[in-house]
Amino acid sequence: MSNRMWGGRFQQGPDAIMEEINASIDFDKALAAQDIAGSKAHAMMLARQGIISDDDAAKIVQGLDTIASEIAAGKFAYSRALEDIHMNIEARLKDLIGEPAGRLHTARSRNDQVATDFKLWVRDAIDDIDRQIHTLLTALATIAEQHAGTIMPGFTHLQSAQPITFGHHCLAYVEMLARDRGRFADARRRLNESPLGAAALAGTAYPIDRQMTAQALGFDRPAANSLDAVSDRDFAMEALAAASICAIHLSRFAEELVIWSTAQFNFVRLSDKFSTGSSIMPQKRNPDAAELVRAKAGRIVGALNALMMVMKGLPLAYSKDMQEDKEQLFDALPSLSLSLAALTGMIKDMEPVEESMLAAAGAAFSTATDLADWLVREAGLPFRDAHHVTGRIVAEAAGRGVSLDELPLDVMQAVHPSISEDVFSVLSVQASVQSRRSFGGTAPENVRAAAADWLERLASDAPNA
Ligand code: ARG
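Residue numbering for the sequence shown follows the working numbering, beginning at 33 and increasing consecutively.
Here it is as structure tokens:
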């Protein structure tokens, strides 16, 4: 049997393999709510413009509402023979209301229909993600405020570098994730133009009102070019790009949690709720949630790559290749949502182990830069010379197995005679972090102010629930 939606010129139905490769209903049924919303807006516009009767439009809208409740109740029978969600819904509408159902597709094509549905879905997903990032940001800024003075080692090359505060470290992620929110907001702004009414590719001869449908669906305006409207998928790529960068940020944090929760570091204790045990080693507490957040970045970036490769070189306007867009986003954006939820849960429950962080902060001569700076400031040495002198003092301390503030003054003076007792005022980790008051620096007073500022901004910038 040929397809009842488009099979007029066909004598034979599709091969089983053709049906399998062609059908998208198994995944695009996720667009049912958006498809129904788009169809209702379209039907009402057709009636207002006198293209179909008010009576037919009312029947269509009623029938679509019935279908929405059938789907919600799990009573809708999806058919692969009907290819996709658009034709599944339209065919069911025909069963329910008869002839007027056939008038719904006037001045519309599946090309503008699917672009509209998909944009609505991506827009909702972006809004959910924005709320989740906001929640994570608030949790992080709250921890930063509590731990503005908690000292930990700062690393470069994963080698102890200079003491910092735990709050400062948390605020670094606040900055990253706030930029992620900005990227999603930009993507949403550019996405929010309605493809509906572009029809197959060239527009339509019917006197439609694209402003009306755009407005009904919450778009800012209709997309200006009909070819672009049906063939643009950069809204999807842009959402995936924003998701990829955000996922990479989350994976970096997740990696730090993995490292910090080892017995060797012991900087944080992850709660039982976000750890797992080993089936053979009874002592183990594994940071599986953090590891999975770290890994999810792989599939999210993979989705971006996959969609970009699908779109590369496609001639205008619509090609069936573009049906491959959906599964990437249906997988990647919920994966990001889950990662955000897991990371938020983990950090809200984690306990920073302040003694371990403090002990590690003082190890490995982390205040050597402070000593060099003292030599510049108090003894007038050029920084390069001070760096060299400090290097020799570090070697003395390393040889004796003591930290810089445990090294006797006369040993330092033997390296450079102008060093005085006053040097000890800069060699502690507390003095080191307190001195870093430059804008954006790690001094506890800076961190306290920055965290408070973030909390205030986040409170006034809360997304709608
Ligand atoms: N299922 C299709 C998709 O997702 C809908 C659009 C089909 N359009 C067409 N001209 N065959 O892309």
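Yeah, the Cβ is synthetic: ideal placement off N, Cα and C, and Gly gets one too.
Is residue j closer than 8 Å to residue i when the C-beta atoms are compared?
{"i": "Met-313", "j": "Arg-265", "result": "no"}
{"i": "Phe-267", "j": "Ala-62", "result": "no"}
{"i": "Ala-246", "j": "Pro-239", "result": "no"}
{"i": "Asp-88", "j": "Pro-132", "result": "yes"}
{"i": "Leu-272", "j": "Ala-335", "result": "yes"}
{"i": "Ser-18", "j": "Ala-395", "result": "Nothing can be reported for residue 18: it is not among the residues displayed for the chain, which extend from 33 to 497."}
{"i": "Gln-145", "j": "Gly-70", "result": "yes"}
{"i": "Ala-392", "j": "Pro-185", "result": "yes"}
{"i": "Asn-143", "j": "Leu-233", "result": "yes"}
{"i": "Leu-78", "j": "Ala-139", "result": "yes"}
Who does residue i pair with in a DSSP beta bridge?
{"i": "Gly-186", "result": "Gln-194"}
{"i": "Pro-254", "result": "Ser-226"}
{"i": "Val-300", "result": "Pro-384"}
{"i": "Asn-318", "result": "Thr-308"}
What are the start and end residues of the alpha helix (DSSP H) that includes residue i?
{"i": "Arg-409", "result": "400-411"}
{"i": "Arg-480", "result": "476-492"}
{"i": "Arg-80", "result": "64-80"}
{"i": "Gln-243", "result": "242-248"}
{"i": "Gln-462", "result": "461-467"}
{"i": "Met-444", "result": "441-447"}
{"i": "His-500", "result": "In this structure the chain extends from 33 to 497, so residue 500 is not present and cannot be described."}
{"i": "Phe-108", "result": "Careful: Phe-108 lies outside any alpha helix (DSSP H) and carries neither H nor E."}
{"i": "Lys-151", "result": "142-178"}
{"i": "Trp-292", "result": "266-292"}
{"i": "Ile-84", "result": "Ile-84 -> no alpha helix (DSSP H), and no H or E assigned at all."}
{"i": "Leu-125", "result": "117-129"}
{"i": "Gly-423", "result": "415-432"}
{"i": "Ala-48", "result": "48-54"}
{"i": "Asp-60", "result": "57-60"}
For residue i, count neighbouring C-beta atoms within 10 Å of its own C-beta (all shown protein chains included) and say buried if the count is 16 or more, exposed if not.
{"i": "His-118", "result": "buried"}
{"i": "Thr-197", "result": "buried"}
{"i": "Val-262", "result": "buried"}
{"i": "Arg-222", "result": "exposed"}
{"i": "Asp-218", "result": "exposed"}
{"i": "Thr-188", "result": "exposed"}
{"i": "Thr-308", "result": "exposed"}
{"i": "Arg-220", "result": "buried"}
{"i": "Arg-468", "result": "buried"}
{"i": "Asp-357", "result": "buried"}
{"i": "Trp-38", "result": "exposed"}
{"i": "Phe-306", "result": "buried"}
{"i": "Leu-8", "result": "Residue 8 lies beyond the residue range present for the chain, which begins at 33 and ends at 497; the question has no answer from this structure."}
{"i": "Phe-285", "result": "buried"}
Would the stretch 419-428 and the stretch 438-458 be scored as touching if the rule is three or more Cβ pairs under 8 Å? yes
Just checking, does the stretch 321-330 make contact with the stretch 351-371 on the three C-beta pairs under 8 Å criterion? yes
When you compare the stretch 313-323 with the stretch 401-414, are there three or more beta-carbon pairs, one atom per stretch, that lie closer than 8 Å? no
Taking one C-beta from the stretch 167-178 and one from the stretch 106-117 each time, how about it: are there three or more such pairs within less than 8 Å? no
Validate contact between the stretch 204-211 and the stretch 44-60 using beta carbons, cut 8 Å, 3 pairs: no
Between the stretch 475-491 and the stretch 451-458, do at least 3 Cβ pairs fall closer than 8 Å? no
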